[in-house]
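Undergrad:
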Amino acid sequence: MANLVYKRVSTDQQSTARQNLVLDEAGIEDPVVFEEDPGTSSRLHPLQRPKFRELLTYARPGDTVHVSEMFRLVRGTGHILDVLDVLHRDQVALRIHDGAFSAMDLTARHPRTGELLSTVKFMVQTLAASGELQRDLQRELTYDGLRAAEAKGSKGVRRPAVAADRAGAARTAYLEGHSIAALAATTASAAAPSAPPSPTSCPSTRPRTRASRPRSCPSPLTCLARSQTSCAPPNWTIPNGPCSTTARP
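Residue numbering for the sequence shown follows the working numbering, starting at 774 and increasing by one per position.
1. Would you mind reading off the limits of the alpha helix (DSSP H) that contains Val847?
2. Identify whether Thr837 lies in helix, strand or coil by the three-state DSSP scheme.
3. Sort out for me which residues DSSP pairs Tyr779 with in a bridge.
4. Closest to Gln864 by C-alpha separation, out of Gln898, Val838, Ala902, Ser814, would be which residue?
5. First and last residue of the beta strand (DSSP E) that includes Arg868?
6. With a threshold of 16 other CB atoms inside 10 Å of the CB of Gln911, please say whether the residue is buried or exposed.
7. Let me confirm a value: Ile953 is counted as buried when at least 16 other C-beta atoms fall within 10 Å, else exposed. Which label applies?
8. Under the three-state reduction of DSSP, which class applies to Arg908: helix, strand or coil?
9. Three-state secondary structure (DSSP) at Leu879?
10. Excluding sequence positions up to five away, which residues of its chain have a Cβ less than 6 Å from the Cβ of Glu808?
11. Put Leu889 into one of helix, strand or coil per three-state DSSP.
12. Can Asp797 and Asn776 be called in contact, C-beta distance under 8 Å?
13. Alpha carbon to alpha carbon, what distance is there between Arg822 and Asn793?
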């Protein structure tokens, strides 16, 4: 019985760091990892994704598929039911380690019909629909924000963090072997505007001379005789067919 781990990200700008953390905390023994290429479209049906199809081909009855979150595997209500049906047909268990689905037994079937229990099916569809609604609302709000920015004359794109005249030098330094962290610190410090001095650290504009300010007050009487400022302290600055039962290569 093998433990098959499935990972996926939506874009090449994302990482699997959070998924790795959740799966590492689960303490999975001898995991066999299948990670989708970041270029794989998230809108593609799970059963058509290359790595998940490879996982199903590798799986044998009694194996368990481990996923950090359900939405790393599926996106909509129809997809999740298709995946559960295929896994049940191949006698492969599914274990979700985080999120609402982590507290559910997704393998619960009716003892006579063998179909997914109606209560489990209802909860799966409800939670999947809620997640789909959340993503759709987020997408709509993003589009509305872009339209509002375009109406004000903004292109709605992120401004470059490095000026054009410094981008070439930064690229050359990276190719020469400088680390990204060092380049980011250098370019950020050069591009960041200098902060205005705080009122407490601003030196006094009043001209001072060494002779006009004594180092210390000799006595209280002398201090009273002098000006107050002179005594002040200084300011410090869908695969088809069941899975194979033959031995793995």
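Using N, Cα and C, we set each Cβ at its ideal position, and we do this for glycine too.
TA: Taking the coordinates as given:
1. Position 74 of the sequence shown holds residue 847. Taken as a continuous stretch (DSSP letters only), Val847 belongs to no alpha helix (DSSP H), as it is neither H nor E.
2. Locating residue 837 in the sequence shown gives position 64, where the first residue counts as 1. DSSP places Thr837 in strand when its eight states are reduced to three.
3. Taking the sequence shown and counting its residues from 1, the one referred to as residue 779 is at position 6. DSSP, once it has assigned bridges, lists Phe807, Val840 as partnering Tyr779.
4. Numbered from 1 along the sequence shown, position 91 holds the residue referred to as residue 864. Ranking the options by Cα distance to Gln864, first place goes to Val838.
5. Here residue 868 refers to the residue found at position 95 of the sequence shown. That run of the beta strand (DSSP E) goes 866-869.
6. Here residue 911 corresponds to residue number 138 of the sequence shown, with the count starting at 1. Exposed, by the Cβ-count rule.
7. Counting from one through the sequence shown, the residue named residue 953 turns up at place 180. Exposed, because fewer than 16 other Cβ atoms sit within 10 Å of the Cβ of Ile953.
8. Numbered from 1 along the sequence shown, position 135 holds the residue referred to as residue 908. Helix.
9. For the purposes of this step, residue 879 is taken as residue 106 along the sequence shown, with counting starting at 1. Of the three classes helix, strand and coil, the one that applies to Leu879 here is coil, per DSSP.
10. Position 35 of the sequence shown, counted from the first residue, corresponds to residue 808. Closer than 6 Å at the Cβ level, and outside the excluded window around Glu808, lie Lys780.
11. Within the sequence shown, numbered from 1, the residue matching residue 889 stands at position 116. DSSP places Leu889 in strand when its eight states are reduced to three.
12. Stepping through the sequence shown from its first residue, residue 797 is reached at position 24. Stepping through the sequence shown from its first residue, residue 776 is reached at position 3. Contact flag unset, no.
13. Locating residue 793 in the sequence shown gives position 20, counting from the first residue. Locating residue 822 in the sequence shown gives position 49, counting from the first residue. Those two C-alpha atoms are separated by around 20 Å.
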